[in-house]
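The block underneath contains the structure these notes are about, expressed in structure tokens.
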Amino acid sequence: MSVAVEVHDVTVAYHRKPVLWDIDTSLPERRLIAIVGPNGAGKSTLLKAILGLVPLASGEITVLGRTISQARRLIGYVPQRESVDWDFPVDALDVVLMGRYGKLGWIRRPGRSDRAAAMKCLEQVGMSDFSHRQISQLSGGQQQRVFLARALAQDAQLYFMDEPFAGVDAATETAIVEVLRALQRDGRTVVAVHHDLQSVPEYFDHVVLLNMRLVAAGPVSSTFTSANLQKTYGGRLTLLEEAAEAIGRGGSARR
Amino acid sequence: MNEAWFTIGDYEVRNDDLWIVGTAICCAVSCAILGCFLVLRRMSLLGDAISHAILPGLAAAFMLTGSREPMAMLGGALVVGVVTAFLSTALHRWGRVPEDAAMGVVFTSLFAIGVVLITWVARDVDLDPGCVLYGLIEFTPFDTASIAGFEIPRSFAWLFAILVINATLVWIFFKELKIVSFDPALATTIGISAVLVHYGLMTAVAATAVASFEAVGSILVIAMLVAPGATAQLLSDRLSRMIWIAAALAAFSAVLGYALAVWINTSVAGMIASLSLGIFAVTVFAAPRHGLIAREVRRLSLAIRIAQEDALSLLYRRHERAAGAAASAPPLTKHAILEATRAGLIGRVALRRLRRLGLVDATPPGSISVTPRGLEAAAPLIRGHRLWESFLARDLNLPLDHLHEPAHRAEHFLSEEIRERLQAERPEASDPHGRPIPPPSPRS
Amino acid sequence: MFDELLRLLTLQDANTRTVLLGATALGIASAVVGSFAVLRRRALVGDAVSHAALPGLCLAYLVIGDRNFAAFLAGALVMGVGAAAFIALVKAWTRVKEDAAIALVIGGFFGLGIVLSRSIQNEPSGNRAGLDGFIFGKAASMVASDAALIGAIGAGVIACVALLFKEFRVLCFDRDFASSQGWPSLLLDLLLMTLVCVCTVAGLPAVGVVLMVSLLVIPPAAARFWTNRLGTMVCLAGAFGGAAGALGTGLSATLPAPASALTRGWPTGPLITLVAAAIFVISLLAAPKRGVAADLVRRWTLRRRVARQNLLRRVYEALEPRGDFAAVWTQESIPHSSRALRSALRAGLVERTETGFRLSATGRAAAARVVRAHRLWEIYLITQAQIAPDHVDRDADQIEHVLPPETLATLEAKLAEEGRLPAGVPRSPHRIGAPVEAGALRP
Chain A
132 MSVAVEVHDV TVAYHRKPVL WDIDTSLPER RLIAIVGPNG AGKSTLLKAI
182 LGLVPLASGE ITVLGRTISQ ARRLIGYVPQ RESVDWDFPV DALDVVLMGR
232 YGKLGWIRRP GRSDRAAAMK CLEQVGMSDF SHRQISQLSG GQQQRVFLAR
282 ALAQDAQLYF MDEPFAGVDA ATETAIVEVL RALQRDGRTV VAVHHDLQSV
332 PEYFDHVVLL NMRLVAAGPV SSTFTSANLQ KTYGGRLTLL EEAAEAIGRG
382 GSARR
Chain B
296 MNEAWFTIGD YEVRNDDLWI VGTAICCAVS CAILGCFLVL RRMSLLGDAI
346 SHAILPGLAA AFMLTGSREP MAMLGGALVV GVVTAFLSTA LHRWGRVPED
396 AAMGVVFTSL FAIGVVLITW VARDVDLDPG CVLYGLIEFT PFDTASIAGF
446 EIPRSFAWLF AILVINATLV WIFFKELKIV SFDPALATTI GISAVLVHYG
496 LMTAVAATAV ASFEAVGSIL VIAMLVAPGA TAQLLSDRLS RMIWIAAALA
546 AFSAVLGYAL AVWINTSVAG MIASLSLGIF AVTVFAAPRH GLIAREVRRL
596 SLAIRIAQED ALSLLYRRHE RAAGAAASAP PLTKHAILEA TRAGLIGRVA
646 LRRLRRLGLV DATPPGSISV TPRGLEAAAP LIRGHRLWES FLARDLNLPL
696 DHLHEPAHRA EHFLSEEIRE RLQAERPEAS DPHGRPIPPP SPRS
Chain C
742 MFDELLRLLT LQDANTRTVL LGATALGIAS AVVGSFAVLR RRALVGDAVS
792 HAALPGLCLA YLVIGDRNFA AFLAGALVMG VGAAAFIALV KAWTRVKEDA
842 AIALVIGGFF GLGIVLSRSI QNEPSGNRAG LDGFIFGKAA SMVASDAALI
892 GAIGAGVIAC VALLFKEFRV LCFDRDFASS QGWPSLLLDL LLMTLVCVCT
942 VAGLPAVGVV LMVSLLVIPP AAARFWTNRL GTMVCLAGAF GGAAGALGTG
992 LSATLPAPAS ALTRGWPTGP LITLVAAAIF VISLLAAPKR GVAADLVRRW
1042 TLRRRVARQN LLRRVYEALE PRGDFAAVWT QESIPHSSRA LRSALRAGLV
1092 ERTETGFRLS ATGRAAAARV VRAHRLWEIY LITQAQIAPD HVDRDADQIE
1142 HVLPPETLAT LEAKLAEEGR LPAGVPRSPH RIGAPVEAGA LRP
């Protein structure tokens, strides 16, 4: 089993204050992987660290055996839905076309073949009837599906999704799950931040339990146990938080 | 009437100078008091928009009354000022125009109307477009009114009144302003209307901008509104002190700005505005706690402390290993220590400080060994390091070969309180590698 | 006067032709770059940049010692970029927020500019500097070579945006996604700000430091009302900006000089801004897509439709116990608003008889459709959302009028799947309020 993402001793800090402590894990290829943990556990931060969107305080990450900047063409990304302005003047097809930009490179415009590919991706998420709707006129679930289609248009080996199921309707949830399964059948890997514990065993086959530090990681069957969940969600690690505070202050409270 | 009071160098300070400086101080301070809240509530740009947009109100009042009747001008400008705040919000909410763009559309359009009106009606020097840009504070003493038997410049009288009103309002509603600035949602739940405070503040800003218009025009006033507040924000963490500092800075730039302007023969208002920007720029670097220099110094001293502690714990570990072998550790060369702690100049400074503190011994020169006091000082560090390793191993399930690096980074920041709690949770005598955890030092 | 304006705008006058073309090109370029600045929420940085350009102009004069157009623009550009950097650094390094930093630059740098320009004018040779023209803009004082330079800058900026259209689009919409795809977001952001600076500086001779931002902000904001596509918006903004530049410049040259002897002729800046503002107001009111008037019309038609549908449903439910939907009724037997009735009469849903009113054939079909949608939604709410039956009526009432057909189809499919989809109009899941006495209905 080859490795999609290798996270080696990674610490991430905002203004010196660590929010992720010494994460050390590897994510297998051709799996649907869930990153699970309570609010403020650093799930999105881990995703952004892997994508190179936040700097690492220590450690290193390789994606598909290379650095992230060498792997850009091989990855797709679905950000949180709230992270963009949905009143932006583009329609659904425009958004999906953005997925093709990376392969086009500088200056070249998307052409007919890109449009056809983007339409196919919209179809795959059941949104082909909405290709020319302005994005603010789509429901939350439909917006999420457009984001998913954009990632599909990236035609990546490895997908990162930040809470793809957050606030979507049942139809969208089914559509997303189907897309995830299809991706896996094609031999792709999906890493998703997920917040609904109930559906983890149903949707995913590998899980990363996170709460400021790595609690456990592995196949769902052996890792997604009540003991591990207890460790992830129960008992706050006040010592870890206090040490983070102390480091954030530059150790001025020492002695 | 215009007698000289005293001289500075060759310059005779006359009555007129004092009136101008007084007017400038009143203007700058009344702006600064309100400006603190604009800065804190992130409404600086709304203040900018209002100070631009009052222009058509002034011009219209001037056209209607045919004179510079102060109450009419105040009324006209207040109406337009409040309309600006309202229109920007309305465009944002109902026209779905981004907030900053909405403001940009409203205030530039109103300002353009104002300039056109003024260009249209301007017949006398009182209201020419130049006045819009840099005010007429230099002419303050020539336009006086008789108040209680005294000949007082009208501009001064107005600005003094505004200063008193602003100060009183802020004093009376300090609590409300504070809570609305800090947490509007909380303010609403305890029955303080954030909207009311918002529009009240905007009205006060509009009134202040109107009163300041004659002295400093309608563009420079934005510097007087925002600069002292922003500077004070870098100098203080408390609202009440921030307001005092802003007021003091405003008065200071008014006095110094006037002096400089007279000295190089240029616009007084422009000089006050550029001076307040200059003071801000200097403060960005030199503020004692939040300044860039202070921050850099803190970063450097932290780096030195870490290098010191790294060197000490390195020596401690050598000593410990040698003690196990029942022989005293041979001293390390300075070079070897710098190599191991990977610190260049900072490492040298750290070593010198360690020597001065008597924690290491540098005889013979070039070789370094730890003193008994050094061992004592290193013990808490080693203790923190090893307790943290235990914590990482037990609670974070990190494997043995992943413990040292993170503990090495964290050891400098673990207070004795955290160390004690680590110990209380894991009452063990050795770390995961089997090395002893030093007991708490008796002094701490 | 209008003849003269027409003559100017049709470029028959050789002297003003270049100036007018330059102002137009500049208007287009500013609006095109401004579109992205507005969407990236950087609109007012342009204001700071233009105010900061004033000391740059003065310093250029002090260094060169004479009026040199290219040097002026270079000086303005240096200070403008410096101001943008100042804002970015204050935001990144201190606790002072971006809005305060922008306001500081606007006031402070402008003050510095005033200090310098006043001390230049107080010198004997200072009046030749022509710095006043840069404050409110004076297109008339531009010579042909100046205008050509401005036009060339405008064309360059437009070309730059056209080439990097795709990159700017993804940057402005979703910066994180752009970074994850490998676009150098920081570099693109800097490039965008540089283009804003270049446009701002090039616009100073025509529009002036005080109002330059209006050309960056107003045309894009106006264009946004007309379209939901970025490409169209940028083109439209360019057209608006070009029109504002040309018309404003033309007006300043043709309007009779104002009474004041102090100002020689009209300043161009305020006139350009006012033309742009007029375009904005027209767009705000009249644009069919997002305009306020269109919005009001939409809301009004919806309200009428809701009233009509409510009337149909009330009549249908009142007649339902008798099973005769073609029965005649009056305003007394079935209370309703006369406005809704008038609207239904006009739409041919209701017919007038000698004794009262009656649903027409189309009205009966429409009523059945409305009632069916209402009850399907009620059934859905009760079975799926577990809402108490005595509450569903009100909830369904708010939703049914705005349900798009595709949602209704999904709803039907879902109920059919569970075997709950009734044929025709289902029975109401709750007691219908205020049942109409059978005797109250006239045959």
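Protein chains in written order, with the working numbering: chain A, 132 to 386; chain B, 296 to 739; chain C, 742 to 1184.
Cβ coordinates follow ideal geometry from the N, Cα and C atoms, glycine included.
Original post:
Is there at least one Cβ from chain C nearer than 8 Å to Ser739/B's Cβ?
Top reply: Confidence is the limiting factor: at Ser739/B the pLDDT is only 46, short of 50, which leaves the residue's position unreliable, though a coordinate-based value still follows. By this cut-off, Ser739/B is not an interface position.
Subject >> Sheet register partners of Tyr208/A (DSSP bridge) >> reply: Phe291/A
Original post:
From the beta carbon of Pro734/B, is the nearest beta carbon of chain A less than 8 Å away?
Top reply: no
**OP:** Check the Cβ-Cβ distances between Leu340/A and every residue of chain B, and say whether any is below 8 Å.
**Re:** no
Subject >> 8 Å Cβ shell around Thr1094/C - same chain, five flanking residues per side excluded >> reply: Val1069
Original post:
Considering only the beta carbon of each residue, do Ser548/B and Ile574/B sit closer than 8 Å?
Top reply: Cβ atoms of Ser548/B and Ile574/B: closer than 8 Å.
Subject >> Stretch-stretch touch, CB-based, cutoff 8 Å, three pairs: the segment 175-183 of chain A with the segment 199-214 of chain A >> reply: yes
**OP:** Could you please give the first and the last residue of the uninterrupted beta strand (DSSP E) stretch that includes Thr1124/C?
**Re:** It is not in any beta strand (DSSP E) - Thr1124/C instead sits in the alpha helix (DSSP H) that spans 1102-1124.
**OP:** Go ahead and label Arg1055/C buried or exposed: buried means 16 or more other beta carbons lie within 10 angstroms of its beta carbon, across all protein chains shown.
**Re:** buried
Subject >> Sequence-distant residues of the same chain with beta carbon closer than 6 Å to Ala638/B, five excluded per side >> reply: Ala602
Original post:
What does Val911/C touch in chain A if you count any residue whose Cβ is under 8 Å from its own?
Top reply: Near Val911/C (Cβ distances below 8 Å), the residues of chain A are Met229, Tyr232.
Original post:
Alpha carbon to alpha carbon, what distance is there between Ser353/A and Gln265/A?
Top reply: 45 Å
Original post:
How many whole angstroms separate the CB atoms of Phe402/B and Thr379/B, which I take to be in contact at a CB cut-off of 8 Å?
Top reply: Contact annotation, Phe402/B with Thr379/B: C-beta distance approximately 6 Å; criterion of less than 8 Å satisfied.
Original post:
Which residues bound the alpha helix (DSSP H) around Val665/B?
Top reply: Run containing Val665/B: none in the alpha helix (DSSP H); it sits in the beta strand (DSSP E), 662-665.
Original post:
Considering only residues of the segment 983-1035 of chain C, which uninterrupted alpha helix (DSSP H) runs meet the minimum length of 4 residues and lie entirely inside it, listed in chain order?
Top reply: 1009-1027
**OP:** Would you mind sorting Ile599/B into buried or exposed? The rule is 16 or more other CB atoms within 10 Å of its CB.
**Re:** buried
Original post:
To the nearest angstrom, how far is it from the Cα of Leu1152/C to the Cα of Ala344/B?
Top reply: 50 Å
**OP:** Go ahead and pull the three-state DSSP assignment for Val420/B.
**Re:** At Val420/B the pLDDT is 44, less than 50, meaning the model places this residue with poor confidence and gives no usable figure here.
Subject >> Gly349/A versus Pro925/C: straight-line alpha-carbon distance, rounded >> reply: 35 Å
Original post:
Who are the Cβ neighbours of Arg385/A in its own chain at under 6 Å, not counting the five residues just before and after it?
Top reply: Since pLDDT at Arg385/A reaches only 36, below the 50 mark, its modelled position is unreliable, and no value is offered.
**OP:** Just the chain B side, please: which residues come within less than 9 Å of Asp218/A by C-beta, in chain order?
**Re:** Arg391, Pro393
Original post:
Within the 8 Å Cβ cut-off, does Glu446/B reach chain A?
Top reply: It does not; no Cβ of chain A falls within 8 Å.
**OP:** Leaving out five residues on either side along the sequence, give the residues of the same chain with a beta carbon under 7 Å from the beta carbon of Val226/A.
**Re:** Ile266, Val277, Arg281
Original post:
chain A partners of Leu534/B, CB-CB under 9 Å?
Top reply: By Cβ distance, chain A contributes nothing, its closest Cβ being about 22 Å from Leu534/B, past 9 Å.
**OP:** List the residues of chain B that Ser189/A touches, going by C-beta distances under 9 Å, in chain order.
**Re:** Glu700, Pro701, Arg704
**OP:** Could you have a look at His792/C and say whether DSSP puts it in helix, strand or coil?
**Re:** helix
Subject >> Alpha-carbon spacing of Ile303/B relative to Gly897/C, whole angstroms >> reply: 55 Å
Original post:
Start and end of the beta strand (DSSP E) containing Trp300/B?
Top reply: 299-303
Original post:
Of all Cβ atoms in chain B, is any one closer than 8 Å to the Cβ of Leu1025/C?
Top reply: yes
Subject >> Segment limits, alpha helix (DSSP H) that includes Leu461/B >> reply: In the sequence under discussion, the amino acid at residue 461/B is Asn, which differs from the Leu named in the question. Per DSSP, Asn461/B belongs to the alpha helix (DSSP H) from 449-467.
Original post:
Would you say the beta carbon of His387/B comes nearer than 7 Å to a heavy atom of the ligand ATP?
Top reply: The ligand ATP is not part of this structure, which contains no ligands at all.
Original post:
Taking only beta-carbon atoms, is Gly565/B less than 8 Å away from chain C?
Top reply: Output row for Gly565/B: interface = yes.
Subject >> N- and C-terminal bounds of the beta strand (DSSP E) containing Arg344/A >> reply: 344-350
Subject >> Top-ranked residue by Cα proximity to Arg752/B, from His699/B, Gly679/B, Gly729/B >> reply: Residue 752/B lies beyond the stretch modelled for chain B, which goes from 296 to 739, so this question has no answer here.
**OP:** Using 10 angstroms around the beta-carbon of Ala766/C, count the other beta-carbons present and answer buried if the total reaches 16, otherwise exposed.
**Re:** Ala766/C is classed as buried because its beta carbon has at least 16 other beta carbons within 10 Å across all chains shown.
**OP:** Starting from the C-beta of Ala770/C, find all residues in its chain whose C-beta is less than 6 Å away, skip the five residues before and the five after it, and write them out in chain order.
**Re:** Gly895, Val898, Ile899, Cys940
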